[in-house]
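One structure is given below, encoded as structure tokens.
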Amino acid sequence: MNNYVVVGVDGSASSRSAVRWAASYAASQATSLVLVHAGVSPELSTGDDAGRGRASSARARARSTLATSRVIAHAAAGASLPVETVLTPAPPEEALTDWGKNACMIVVGSRRRGGFARAVLGSVSNVVATHALCPVAVVPAPYPVRPPSSDTGTDAPPAPVVVGIDFSSDTDDSVLAVAFAQAARLGVGLHAVHAYTPPDSSPALSGYIQFGPQRGPSASAQRWLDSILAPWSHKYPAVEITTAVVDDYPSHAILADATHAQLIVVGSRSRGAISPLFTGSASRAVLHHAAIPTIIVPSITRPTDIATEQQSTDQRSSG
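Just so we're aligned: 75 in my numbering is position 39 of the sequence shown, and the numbers increase by one with no gaps anywhere.
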């Protein structure tokens, strides 16, 4: 059983936001939290005194960061939340992906620097979201945790979860499973967005800019979207569903509709060394520009992830 949430910490503001979000999520799932601080020099038994001193100082700072992150997690989710700390010399993306093999969620922070250079060079969030076998939540900074509550203090409905859906049958079920479970957990509605390619898309840019599926007209796309959402609406009758079918680039449509949302869920079919730039660019475009947490659902998701998520939500609904 995948019984923990893993979050990368490094002492940055984005890391602290990630810890708060991860702690709240772990508490809602009645599971534990693993704080991973990676890329720290190991203790040196050989070498000069200066080298050993630098390594010792780096590890001391890392241990302090982990202790602070534990305090942040307990402040966000309560002192009863089980928290484990991990200090490792492995690169952050390698450590998080490895710990994510048996996790129900990986959570990382994002500084949202954006730009083509970042897409080429990649980042921890890019690599982890590309290679993880479980959903990956990327939390921007600063971002306050919003408690799962329908009470917003106003007459306006609580901010929904936005999910991007395409025609890829191999990922839709995984994406919708996560999106509906998150909406049920937060007690909010779900807004499903489907975008298809504008007719004047430039082939010369197709290697760098994502395009939606070539399908239309919008009426048939709407019928298709309604048909794949119908079974999930029966599983989650308390989740109010709204939809949008638009002639636009997927990332544009998702980000536009996420302006008043609190969470985005998108899928990723990307795999391999060059995939962070040249494939699955819709999810990456959302990842780099979203001002709210974004969950990337991988193309290869363990069946137990979805089953566990649904079972946990069903148990809370019946309790």
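For glycine and all other residues, C-beta sits at the position ideal for the given N, C-alpha and C.
In this structure Ala58 is not in contact with Val76, their Cβ atoms being roughly 20 Å apart against a cut-off of 8 Å. Beyond the five residues adjoining it in sequence on each side, His296 comes within less than 7 Å, by CB distance, of Ala195 in the same chain, given in chain order.
Classified as buried, Pro286 has 16 or more neighbouring CB atoms from the shown chains inside 10 Å of its CB.
Distances from the alpha-carbon of Ser48 to those of Tyr179, Ile328, Glu276 and Ala217 put Tyr179 closest. The region 166-177 makes contact with the region 136-146, as at least three CB pairs between them are under 8 Å.
Taking a contact as a CB-CB distance under 8 Å, the pair Tyr232 and Ala257 counts as one, their CB atoms being some 6 Å apart. Counting only residues of its own chain and dropping the five nearest sequence neighbours on each side, Leu117 has a CB closer than 8 Å to the CB of Ala59, Ala62, Ala63, Ser68, Leu69, Ala109 and His110. Around the CB of Glu120, fewer than 16 other CB atoms lie within 10 Å, so the residue is classed as exposed. In terms of CA proximity to Asp209, Gly303 leads the group Ala66, Gly303, Ser53 and Gly44. Ala213 is the residue among Ala220, Ala213 and Pro78 whose C-alpha sits nearest the C-alpha of Ile332. Between Ile277 and Leu265, the gap from beta carbon to beta carbon is short of 8 Å. Looking at the backbone, the Cα of Gln298 and that of Tyr272 are separated by about 19 Å.
Within the DSSP secondary-structure output, Val199 pairs in a beta bridge with Ala228 and Val301. For His73, the enclosing beta strand (DSSP E) has its first and last residue at Ser68 to His73. Between the beta-carbon of Ile201 and that of His227 there is about 11 Å, and that puts the pair past the 8 Å contact cut.
With contacts defined by Cβ atoms closer than 8 Å, Ala54 and Val144 form a contacting pair. Of the residues assessed, Arg221 falls on the buried side of the cut-off, its CB having 16 or more other CB atoms within 10 angstroms.
Runs of beta strand (DSSP E) with 3 or more residues, each lying fully within the region 248-293, are found at 277-283, listed in chain order. When the alpha-carbon of Leu102 is set against those of Leu123, Ser93, Arg90 and Gly114, the nearest one is in Leu123. A check of alpha carbon separations from Ala294 across Asp283, Met141 and Pro329 identifies Pro329 as the nearest.
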